[in-house]
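Asker:
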Amino acid sequence: MGQLLSGARLFSPGDGLDMRGDVLVENGRIAKVGKVDPAGHEVVDLTGLVLMPGFIDLHAHLREPGEEYKETIETGTLSAKRGGYTTVVSMPNTSPPIDSPEAVRFVIKKAKEAGHAKVIPAGTITKGREGKELAEMGLMAAEGAGMFTDDGSWVSSSSVMRRAMEYASALGIPVASHPEDGSLSGKACAHEGPLTLKLGFETAPREAEDIAVARDIFLCGLTGARLHLQHISSLGSAELVRRAKDTGLPVTAEVTPHHLLFTYEALQTYDTLYKVNPPLREEKDREALLSALADGTLDAIATDHAPHSPFDKEYEFPLAAPGMIWLEMAFSALYTMLVLPGKLSLERLVESLTTGPAGVLGLNDRGRIREGAVADLVAWDMSEEWEVRGLASLSRNNPLFGKVLSAKPKRIWIDGNEKEL
Amino acid sequence: MPLMERLRSKDLIGLEGITREELELIFITADTFRVFLERPIRKLPTLRGKTILNMFFEASTRTQASFDLAAKRLSADTVSVSKKGSSVEKGETLLDTLRNIDAMKIDAVVIRHSAPGAAAFLARNTEASVINAGDGLHEHPTQALLDMFTLRREMGDFKGKRILIIGDILHSRVARSNIFGMKAWGADVALCGPRPLVPEEFRAMGAEVSWNLEEEIPKADVIMALRIQNERLSESFFPSVREFRRLYGITPDKIAKAKDNVILMHPGPVNWDVELDPRVTEMVKTVILDQVTNGVAVRMAVLYLLLAGAKEEENGTTA
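In order, the protein sequences belong to chains A and B.
Count the first sequence with the numbering used here and you get residues 32 to 452, in order.
Count the second sequence with the numbering used here and you get residues 920 to 1238, in order.
(1) Taking a Cβ distance cut-off of 9 Å, strictly less, list which residues of the stretch 260 to 275 of chain A are near chain C, in chain order.
(2) Who are the Cβ neighbours of K434(A) in its own chain at under 6 Å, not counting the five residues just before and after it?
(3) Would you mind stating whether I204(A) and R397(A) have Cβ atoms separated by less than 9 Å?
(4) Closest to T1012(B) by CA distance: which of M1124(B), A1037(B), V1117(B) and E957(B) is it?
(5) Please go through the same chain and pick out, in chain order, the residues whose beta-carbon is closer than 7 Å to the beta-carbon of A1256(B), but skip the five residues on each side of it.
(6) My guess is that L324(A) and H289(A) are in contact by the Cβ rule of under 8 Å, so how many angstroms apart are they, rounded?
(7) How would you list, in chain order, the residues of chain B whose beta-carbon sits under 9 Å from the beta-carbon of G146(A)?
(8) Here's the rule: buried if 16 or more other CB atoms are within 10 angstroms of the residue's CB, otherwise exposed. What is E1162(B)?
(9) I need the DSSP call for I1088(B), collapsed to helix, strand or coil.
(10) Which residues mark the beginning and the end of the alpha helix (DSSP H) in which M192(A) is found?
(11) Tell me, which residues are paired with F975(B) by DSSP?
(12) Where G169(A) and K163(A) are concerned, what is the direct C-alpha to C-alpha distance, given to the nearest angstrom?
(13) So the alpha helix (DSSP H) Q34(A) belongs to, where does it begin and stop?
(14) Tell me F179(A)'s beta-bridge partners as DSSP assigns them.
(15) On the criterion of 16 or more Cβ atoms from any shown chain inside 10 Å, does I1174(B) qualify as buried, or is it exposed?
(16) What residues of chain A sit near D1054(B), judged by a beta carbon separation below 8 Å?
(17) Rounded to whole angstroms, how far is the Cβ of A410(A) from the Cβ of A39(A), which I believe are closer than 8 Å?
(18) Can you tell me whether L1208(B) is buried or exposed, with buried defined as 16 or more other CB within 10 angstroms of its CB?
(19) For a test of the three-state rule: what should DSSP assign to Y346(A), helix, strand or coil?
(20) According to the neighbour-count rule (16 or more other Cβ atoms, all chains shown, within 10 Å of its Cβ), is I151(A) buried or exposed?
(21) Tell me which residue opens and which closes the beta strand (DSSP E) that A410(A) is part of.
(22) Between the C-alpha atoms of E940(B) and R1071(B), what's the straight-line distance to the nearest angstrom?
(23) Grouping DSSP H, G and I as helix and E and B as strand, with all else coil, what is I1082(B)?
(24) When Cβ atoms are compared, which residues of the stretch 1035 to 1049 of chain B fall closer than 9 Å to chain A?
(25) Using a Cβ-Cβ cutoff of 9 Å, what residues of the stretch 322 to 345 of chain A are near chain B? List them in chain order.
(26) Within the same chain, show all residues whose beta-carbon is closer than 8 Å to that of K1176(B), passing over the 5 residues directly before and after it, in chain order.
(27) Whole angstroms are fine: how far does the CA of R1146(B) sit from the CA of N429(A)?
(28) Just the chain B side, please: which residues come within less than 7 Å of F348(A) by C-beta, in chain order?
(29) Taking 9 Å as the threshold (beta carbon to beta carbon), is A301(A) in contact with chain B?
(30) Spell out whether any CB of chain B is found under 9 Å from the CB atom of G224(A).
(31) Which same chain residues, not among the five before or five after E1231(B), have their C-beta less than 6 Å away from its C-beta?
(32) Beta-carbon within less than 7 Å of E451(A)'s beta-carbon, same chain only, minus the 5 sequence neighbours each way: which residues are those?
(33) For N1234(B), count neighbouring Cβ atoms within 10 angstroms of its own Cβ and tell me buried if that reaches 16, exposed if not.
(34) Does DSSP put G85(A) in a helix, a strand or coil?
(35) Alpha carbon to alpha carbon, how far is I356(A) from D1026(B)? Give it in angstroms, no decimals.
(36) Answer yes if the stretch 217 to 225 of chain A comes into contact with the stretch 1038 to 1056 of chain B, meaning at least three C-beta pairs across the two stretches below 8 Å, and no otherwise.
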């Protein structure tokens, strides 16, 4: 006896699936897709809804341990669930950082206790995220770490990065890079261009990212190890990734909702809500990112969900904390602002939230609607309009507060168990 | 008579977007105060009862003294707060600081801050008039106004004249304000200095960009040298002081090729023998000290135009 999710439009572009039909869930997995005899099953009527795989976020700052006033694993995973995410990769730049097996165990324990979206902890590449000595990647992997990254800092030593990639590849886990040549970006808080020159910001050119991406790609060629590039934001970097993929290198890349939706024109008013790292760039970058997402150069949309308290954002622009929260409204915002106006196909949007990120993590049984896959499923009402407010996150640093968006998750299953939204 | 009676905004954040009419209003008002400053008793009752807060988050002697003097000459009460660094060092956010100011019922705030946008941020969050005395690398509008006021006194309408600004343009809020103001007035602006300090993106602001000073000097009607800060050396913006002096310093051999009636300006303080060879001041007309005196008159004009309401004008206390 299983649960029969019946009558929805089944939409999983990564499986080539778009049809009205049923999904039979048994023992936490998808047992059958298509027409199923309801006899002997608990039938759940999803008529009028769109059933999609639960989304996977490769890049969320859950802030615990150390900054629980901004977010906790509990509130972050609740936000994720309410945004249609069933799995999030938590970033390790907490305080202390997740650079030991004990710390990985802590994150997993907290996530299990919360019982919302599942968490795959990322561990650091280097001890203390200092870019010098390798962290205990093998022990962290044994505890459940699914990615290694020094996110927030680039591993600037090519030698350390080379060893990290070699070592991690033997563990079967991708190394993710925050590509930013700090010697070029310095104390910049904005993208370098005519507008920010006029506004008097300390700026960094997009080449600060491109140079780091190029080096990382060369190391990928040298080591053959899986390389994941985080929050690609420049047209040059997108082109470098495209060429690397053309030559068959095991490179993957993600892009954030804010780099797809906004440009540095928003800095005109010095509004710190638009301060992010990497910085918002120009319209030509945004257009290049959209085409790179459309043609598959960019594998995933990752939120870089970065909660900050109001105080963290009330400082002078150069001192304000960078980042935006996204988990609870990323899909609705991208659907409303890119898919509905015809700038991005719904297929690519959903792939980049499901099979795209699953592929980065090497998980073939998540982010899919097919027999044998983990039953992480979300039923959406695509036409429901809702106003962004009163979110589960402890923070509210996103410029879309007060805006009305379309598409809302109505029901969610994680490992086959229906959860409250 | 002024062509208009008020500035369009309650604040003076920058000269970006200012009109020639507004500039004329400020200059005509400053003319009156400039005459008045030559009198034996230099105090007017115009802003009696108004309170002006000088908030300097960055060290300043001349600008702060100039604003303070301008306010006192107009009989306003002034309160000065000098804080080194930013509010963040005290564990207070900028918005906290601003809320406190607003609670004090101040009529105007003069603010200097190391962060671009700080003055605009303050203006959005207070009823008081906000005057930007320098926000990071962004703008320093009263300095540019006094530069332009000084030029206007020296050469009359300088519309169509070529203003050459030399040195560290990248890190200069004075240069940015002057580009906006001079262009709004109708002058041509050329920028010159080492390429890392004079990025060509400045062309988007309507200025010409050159990295060859010898070619530029003969074309200029006005030469404005900016201060070169020593820290730019360690940041590798140029290799050495002697090389800077040779290529971009204003020296007698270079100035010998300038137009006969060229005017030399400097917003100060001068790094003598770096950007400016002292012998040059004997070769051409310099207005560096006039700039300081004019600074008080221009700041009086700005305070007057932003703060003096219709009521005072009815009472016949206009300058």
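Idealized CB from N, CA, C, for every residue including glycine.
Answerer: Based on what the coordinates show:
(1) Checking the listed chains, one finds no chain C in this structure; the protein chains it contains are A and B.
(2) Beyond the five residues adjoining it in sequence on each side, K434(A) comes within less than 6 Å, by CB distance, of V419 in the same chain, given in chain order.
(3) no
(4) Selection M1124(B), A1037(B), V1117(B) and E957(B) evaluated against T1012(B) yields A1037(B) as nearest (Cα-Cα).
(5) Absent from the structure is residue 1256(B), since the part of chain B shown begins at 920 and ends at 1238.
(6) Actually they do not touch by this definition, with Cβ atoms about 14 Å apart.
(7) Residues of chain B passing the Cβ test: none, with the nearest at roughly 35 Å.
(8) exposed
(9) In the structure shown, the three-state DSSP call for I1088(B) is coil.
(10) S189 to L202
(11) S1001(B) and R1031(B)
(12) 17 Å
(13) Careful: Q34(A) lies outside any alpha helix (DSSP H), inside the beta strand (DSSP E) at Q34 to S43.
(14) Note: F179(A) is bridge-paired with G154(A) and V206(A) in the DSSP secondary-structure output.
(15) Counting of Cβ neighbours within 10 angstroms places I1174(B) among the buried residues, the total reaching 16 or more.
(16) For a Cβ distance threshold of 8 Å, residue set G231 of chain A lies close to D1054(B), ordered along the chain.
(17) 6 Å
(18) Burial check for L1208(B): the Cβ neighbour count within 10 Å stays below 16, so the residue is exposed.
(19) If DSSP states are grouped into helix, strand and coil, Y346(A) belongs with coil.
(20) Result: buried.
(21) L408 to E418
(22) 14 Å
(23) In the three-state reduction of the DSSP assignment, I1082(B) falls in the strand class, which pools E and B.
(24) P1035, G1036, A1037, A1039, F1040 and R1043
(25) Taking 9 Å as the Cβ-Cβ cut-off against chain B, the residues of the stretch 322 to 345 of chain A that qualify are P341, F342, D343, K344 and E345.
(26) Within the same chain, E1133, I1136 and P1137 come within 8 Å of K1176(B) by CB-CB distance, once the 5 residues on both sides are set aside.
(27) 40 Å
(28) A1034, P1035 and G1036
(29) Checking the sequence shown, residue 301(A) turns out to be Tyr, not Ala. Yes, Y301(A) counts as interfacial toward chain B.
(30) Residue-level contact by beta carbon holds for G224(A) and chain B, with a gap shorter than 9 Å.
(31) Note that E1231(B) scores a pLDDT of 43, beneath 50, so its modelled location is shaky; the value from the coordinates is reported in the next line. So no residue of the chain qualifies.
(32) none
(33) Bear in mind that a pLDDT of 42 at N1234(B), under 50, signals an unreliable position, so the number given afterwards is only what the model happens to contain. The residue is exposed, with fewer than 16 neighbouring Cβ atoms inside 10 Å.
(34) coil
(35) Distance between the alpha carbons of D1026(B) and I356(A): 38 Å.
(36) Flag = no, the stretch 1038 to 1056 of chain B and the stretch 217 to 225 of chain A do not touch.
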